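The structure under discussion appears below in the form of structure tokens.
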Amino acid sequence: MEQEPRLKIAVQKSGRLTENSLHLLETCGLTYSRGRDQLICFGENMPVDVLLVRDDDIPQLLAEGVCDLGIVGLNVHLEKSDPEAGVRKALDMDFGRCRLSIAVPRGEPWNGPASLSGRRIATTYPNILGRWLDEQGIEASVVTLSGAVEIAPRLGRADVICDLVSTGSTLAANDLEETMVVLESQAALLAAPQAHSAWAQRMISRIEGVLRVRGSKYIMLHAPRAALEEIRDLLPGSEAPTLMPLEGLEDKVAVHAVCSETVFWETLESLKGAGATSILVLPVEKMLA
Ligand code: PRT
Ligand code: ZN
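Sequential numbering of the sequence shown, starting at 60, is according to this note's numbering.
Structure, rendered in structure tokens:
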């Protein structure tokens, strides 16, 4: 009997994206056991395996067809993916947020991108930085390093840097000031050009569903018919709510809605102010569009 090929998903082996990526796949229903070499997680309940690799290798594994899906920072995708290879971003994942920014020694004057003209910029992202400099019409020399970019100005290897920033404490500790964002990044689900199998599509839509329900809430309330329009406008990020009659009450209906945005206490107070009663907010566990 011909065996269905197993879907392979590449995930960072050990780093900032590992825990969130594996947790997300588990939330999609995947259970797995780790191989003895700790490099492959064999899916036990689906024909899906997870390969644990360095994040920098993921774009090429997808381009070569070794893996079908992969999770990396957008920064890695834009730096390493060959545009000809057809690896595409299928989803933004809403974790691993950071920005690729220009930073200059503290106190140095900054007059926008023109201040970079003729300077030496240290980075581990020469492709993204090079394209950005072209767009800005700036000529500068890009010094490509493999790490420890933040100490390059102190060592005299560069004048300024272009590096990933999240809290900004690494820059502060090295007497550098963030002056301009080159790229806003977060983790992304990448799909190989050949990732068309039913399981590839199914995993993409399950991951999409998991991401969508995070932060989503199910709201139930009773509303006077006269205030329906106002109440509908107050429900944050909801599509058409469901209206249901209430036994014995002509002037009131039950309203049920999935809200994709955070439901604050202020929202509930405004709903109450508009005449809503019996307001209930429930978490949403799974959703499939
Ligand atoms: O071993 P492997 O190659 O797989 O891992 P790695 O060392 O290349 O990557 P890793 O685990 O550090 O980061 C993986 C991804 O996380 C990155 O590609 C980004 O998409 C994302 N990410 C989010 C970050 C940060 N935040 C981040 N702060 N990646 C790196 N940093 C570094 C940054 O380079 C700088 O050195 O943290 C320092 C700055 O942090 P703050 O908080 O001091 O500003
Ligand atoms: Zn890396």
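All C-beta atoms in this analysis are idealised placements derived from N, C-alpha and C, irrespective of residue type, glycine included.
Since the structure is predicted, the reported quantities are computational estimates derived from the model, not experimental observations.
Length of the line joining the Cα atoms of residue i and residue j
i      : j      : result
Gly129 : His281 : 45 Å
Val317 : Ala232 : 44 Å
Ile210 : Ile180 : 12 Å
Ser264 : Leu66  : 14 Å
Asp127 : Glu344 : 27 Å
Met303 : Ala313 : 5 Å
Leu341 : Ala149 : 29 Å
Gln245 : Leu308 : 49 Å
Val109 : Ala69  : 6 Å
Asn134 : Pro142 : 14 Å
Gly94  : Arg158 : 35 Å
Ile161 : Pro212 : 12 Å
Proximity test, residue i beta-carbon vs ligand 2 heavy atom, cut-off 6 Å
i      : result
Asp114 : yes
Ligand 1 heavy atom lying under 6 Å from the CB of residue i
i      : result
Gly206 : no
Ser135 : For the record, residue 135 in the displayed sequence is Val; it is not Ser. Checking the Cβ of Val135 against ligand 1 gives yes.
Cys157 : yes
Ser244 : yes
Thr226 : yes
Arg216 : no
Gln71  : yes
Boundaries of the beta strand (DSSP E) in which residue i is found, first to last residue
i      : result
Glu309 : Leu308 to Cys318
Gln71  : Leu66 to Gln71
Trp247 : Looking at the sequence shown, residue 247 is not Trp but Ala. Here the beta strand (DSSP E) through Ala247 covers Ala246 to Ala250.
Bounding residues of the alpha helix (DSSP H) (the contiguous stretch that carries residue i)
i      : result
Leu347 : Here Leu347 belongs to no alpha helix (DSSP H), and DSSP marks it neither H nor E.
Ser337 : First-last for Ser337: Thr336 to Pro342, but that is the beta strand (DSSP E), not the alpha helix (DSSP H).
Gly332 : Trp324 to Gly332
Chain D contact for residue i (CB, 7 Å cutoff)
i      : result
Leu128 : Chain labels in this structure do not include chain D; a single protein chain is all it has.
Quiz item: Which residue spans inside the stretch 200-239 form an unbroken beta strand (DSSP E) run of at least 3?
Solution: The stretch 200-239 contains these whole beta strand (DSSP E) runs: 200-203 and 219-224.
Quiz item: Is it true that the stretch 236-243 meets the stretch 278-296, where meeting means three or more beta-carbon pairs spaced less than 8 Å apart?
Solution: The count of Cβ pairs closer than 8 Å, one atom from the stretch 236-243 and one from the stretch 278-296, stays below three, leaving the stretches out of contact.
Quiz item: At a cut of 8 Å, does the stretch 68-86 reach the stretch 137-149 through at least three beta carbon pairs?
Solution: Not touching, per the Cβ criterion.
Exercise. Could I get the ranges of all uninterrupted beta strand (DSSP E) runs contained in the stretch 270-312, with 3 residues as the minimum, in chain order?
Key: If we require 3 residues or more, the beta strand (DSSP E) runs fully inside the stretch 270-312 come out as 276-283 and 301-305.
Practice problem: Can you check the stretch 149-196 for any alpha helix (DSSP H) of at least 4 residues that lies completely inside it and give the ranges in chain order? | Solution: Counting whole runs of 4 or more residues, the stretch 149-196 contains the alpha helix (DSSP H) stretches 185-195.
Quiz item: Taking only runs of the alpha helix (DSSP H) that begin and end inside the stretch 67-135, which ones reach a length of at least 4 residues, in chain order?
Solution: Restricting attention to alpha helix (DSSP H) runs no shorter than 4 residues, the stretch 67-135 encloses them at 77-86 and 117-122, ordered along the chain.
Quiz prompt | At least three beta-carbon pairs within less than 8 Å, the stretch 154-173 to the stretch 295-305 | solution = No: fewer than three Cβ pairs fall under 8 Å.
Quiz item: Do the stretch 267-277 and the stretch 148-163 touch if we need at least three Cβ pairs shorter than 8 Å?
Solution: Contact check between the stretch 267-277 and the stretch 148-163: three or more CB pairs, one atom from each, fall below 8 Å, which counts as touching.
Practice problem: Assess, as a yes-or-no matter, whether the stretch 87-102 is touched by the stretch 115-127 under the definition of 3 or more beta carbon pairs within less than 8 Å. | Solution: No, the stretch 115-127 is not in contact with the stretch 87-102.
Exercise. Could you say if the stretch 177-194 and the stretch 213-226 meet the contact criterion of at least three C-beta pairs nearer than 8 Å?
Key: Yes, they touch.
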